[in-house]
Amino acid sequence: MPTPDDQGDDSQDAPGRLRRLHLTPWWISGVVFLVVYLGVNAIYGASTTRPDPPVVDDPDRVIVNLTPVAVVPIEDRIRLNVLIEPPMDLLRNGALRDEVTVNLLSIPKSLTFEAGARALSTEIDVPATDGTFEMYPLDSYRLAVVSTVTATDSSGTERLVPSDLVVWGKFPGWRVEPTTSLDADLDEWDVPQNVRADILSGRFAVAQVEVSRSGSTMAIVVLLLTAMVVLTGLALVVARTVATRRRRIEATMASWFAALLFAMVPLRTNFPGAPPIGVWLDFLVFLWVLMGLMIALSLFVASWLRYSPPAK
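Residue numbering for the sequence shown follows this note's numbering, beginning at 490 and increasing consecutively.
Structure representation (structure tokens):
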């Protein structure tokens, strides 16, 4: 049976417990914010780390470097920087001794570097065979590149030169999967038998170009979508509170609802990468955010018309 002294101690501890209860949500909010902050920075740091370039150690082969530098999602196109590294027997005083042609058979496109050329790179736009912008920000773009390299000497004699493909690079907002033709798995692609035989014999080189959104881009999109949903939820809570007459109706609050509603469209169009209207996130989140804000504004206006008496 508790004594009067015990009851006195409990009454003295009650204010302390109340203070701790009031502080608990703030502690939890602080921990959650810290976890989210550290997580976002970790994702950003990992996504901005430049991957190590693949190494093909064969001095007798032409190395064709394919470096993605841009993506046009709405057209499913990848912009590639093509740089060749010829072996020493194709060089004279740092320039090409013979004319070198890179035939990209799967695109199709041929790139010719004249004899005597020192600038051995160019940019091309290629269509991605596997990619769709509707899946933003989870969209990725792939292209299987099949190539062969020929050299033409001053007498016009053309010969096949052994070659390898190297895919590597990094540019803002995107991640490039580094790979080489030595890592190619022909079972993943529908390669005709005659082409497969040429690849296995070394006449052709094949590699996959794969570009996907970086982790930092996806993290920013998730945070923006979360902000949209939270603001819509707050607007609905305020509208319901006014409709049930738990709070006084302030006519100026209508401008707050309208500002939220009209701010969502510019926010949506300024997502990282500026995805066009019609991606799956529009139907999964954005459409319902707009509908929620319109419902909240309509509920507030209806409550104002219903409960606010006309001025006398």
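Every residue gets a Cβ at the ideal spot worked out from N, C-alpha and C, and that includes glycine.
Quick one: residues in its chain with C-beta nearer than 6 Å to the C-beta of residue i, no 5 flanking neighbours on either side, listed in chain order?
| i | result |
| --- | --- |
| Pro-764 | Tyr-625 |
| Leu-714 | Val-774 |
| Asp-642 | Asp-587 |
| Thr-721 | Val-778, Gly-781, Leu-782 |
With distances taken from CA atoms, which of the options is nearest residue i?
| i | options | result |
| --- | --- | --- |
| Pro-542 | Arg-664, Val-656, Gly-781, Ala-673 | Val-656 |
| Ala-461 | Ala-752, Val-754, Gly-767, Arg-734 | Missing from the structure shown is residue 461; the chain here goes from 490 to 801 and no further. |
| Arg-434 | Tyr-796, Val-710, Leu-749, Leu-782 | With the chain covering 490 to 801 only, the question about residue 434 has no answer from this structure. |
| Asp-547 | Pro-575, Thr-556, Glu-564 | Pro-575 |
| Val-634 | Trp-516, Val-545, Gly-528, Val-615 | Val-615 |
| Thr-621 | Phe-746, Val-561, Ile-709, Leu-779 | Val-561 |
| Gln-697 | Ser-703, Tyr-526, Ala-617, Glu-623 | Ala-617 |
| Ala-748 | Arg-729, Leu-779, Leu-770 | Leu-779 |
| Ser-670 | Leu-527, Leu-555, Ser-787 | Leu-555 |
| Trp-793 | Phe-772, Gly-528, Glu-739 | Glu-739 |
| Lys-659 | Ile-552, Val-551, Arg-550, Gly-704 | Gly-704 |
| Val-553 | Pro-651, Ser-787, Pro-514 | Pro-651 |
| Ala-694 | Tyr-526, Thr-639, Val-520 | Thr-639 |
| Pro-529 | Leu-712, Leu-770, Val-591 | Checking the sequence, you will find Val at residue 529 rather than Pro. For the residues Leu-712, Leu-770, Val-591, the minimum Cα distance to Val-529 belongs to Leu-712. |
| Ile-596 | Leu-632, Asp-578, Asp-619 | Leu-632 |
To the nearest angstrom, report how far apart residue i and residue j are at their CA atoms.
| i | j | result |
| --- | --- | --- |
| Phe-760 | Thr-741 | 30 Å |
| Val-571 | Val-524 | 42 Å |
| Asp-672 | Leu-594 | 19 Å |
| Glu-603 | Ser-629 | 35 Å |
| Ala-785 | Phe-746 | 7 Å |
| Gly-605 | Val-544 | 27 Å |
| Val-718 | Thr-538 | 31 Å |
| Pro-755 | Glu-647 | 57 Å |
| Ala-724 | Ala-716 | 12 Å |
| Ala-559 | Gly-519 | 39 Å |
| Val-521 | Ala-531 | 15 Å |
| Gly-811 | Thr-601 | The question about residue 811 has no answer, for the chain in this structure spans 490 to 801. |
| Val-726 | Leu-527 | 30 Å |
| Asp-771 | Asp-619 | 22 Å |
| Ser-744 | Arg-757 | 20 Å |
| Trp-516 | Ala-752 | 31 Å |
On the DSSP letters alone, give me the boundaries of the alpha helix (DSSP H) that residue i sits inside.
| i | result |
| --- | --- |
| Pro-755 | 742-758 |
| Arg-607 | Neither: Arg-607 is in no alpha helix (DSSP H) and is coded neither H nor E. |
| Val-790 | 776-796 |
Would you please verify whether the beta carbon of residue i is less than 8 Å from any beta carbon of chain D?
| i | result |
| --- | --- |
| Gly-762 | No chain D appears in the structure shown, which is made up of a single protein chain. |
Using a Cβ-Cβ cut-off of 7 Å (strictly less than) and excluding sequence neighbours within five positions of residue i, which residues of its own chain qualify?
| i | result |
| --- | --- |
| Met-707 | Pro-626 |
| Leu-580 | Arg-586 |
| Arg-692 | Thr-637, Leu-649 |
| Arg-607 | Gly-583, Ala-584 |
| Ser-610 | Asn-570, Val-571, Leu-572 |
In terms of residues, what are the limits of the beta strand (DSSP E) holding residue i?
| i | result |
| --- | --- |
| Thr-602 | Per the sequence presented here, residue 602 reads as Phe, with Thr not at that position. Per DSSP, Phe-602 belongs to the beta strand (DSSP E) from 598-602. |
| Arg-568 | 566-574 |
| Ser-701 | 694-702 |
| Ser-629 | 629-641 |
| Glu-588 | 588-593 |
| Ser-644 | Unbroken run through Ser-644: none, as it is neither H nor E. |
| Trp-663 | 663-665 |
| Leu-559 | Note that residue 559 is Ala in the sequence shown here, rather than Leu. Element bounds for Ala-559: 551-561. |
| Val-768 | Element bounds for Val-768: n/a, residue is neither H nor E. |
Below 8 Å on the Cβ atoms is my guess for residue i versus residue j; work out the distance and round it to an integer in Å.
| i | j | result |
| --- | --- | --- |
| Pro-667 | Pro-540 | 5 Å |
| Ile-613 | Val-589 | Not confirmed; about 16 Å, so no contact. |
| Val-710 | Ile-567 | Wrong, their Cβ atoms sit about 21 Å apart, outside the cutoff. |
| Leu-788 | Ala-728 | 4 Å |
| Gly-486 | Glu-623 | The requested residue 486 is not part of the displayed model; the chain covers only 490 to 801. |
| Pro-802 | Val-665 | The question about residue 802 has no answer, for the chain in this structure spans 490 to 801. |
I'd like the list of long-range same chain contacts for residue i, defined as Cβ closer than 8 Å, with 5 residues on each side in sequence excluded.
| i | result |
| --- | --- |
| Gly-762 | Pro-562, Tyr-625, Pro-626, Gly-662, Arg-702, Thr-706 |
| Arg-550 | Pro-576, Val-650, Pro-651, Ser-652, Asp-653 |
| Ser-599 | Thr-590, Val-591, Asn-592, Leu-593 |
| Tyr-533 | Gly-704, Ser-705, Ala-708 |
| Leu-750 | Leu-779, Leu-782, Met-783, Leu-786 |
For the ligand GTP, is there any heavy atom lying closer than 7 Å to the beta carbon of residue i?
| i | result |
| --- | --- |
| Leu-671 | This structure lacks the ligand GTP; in fact it carries no ligand of any kind. |
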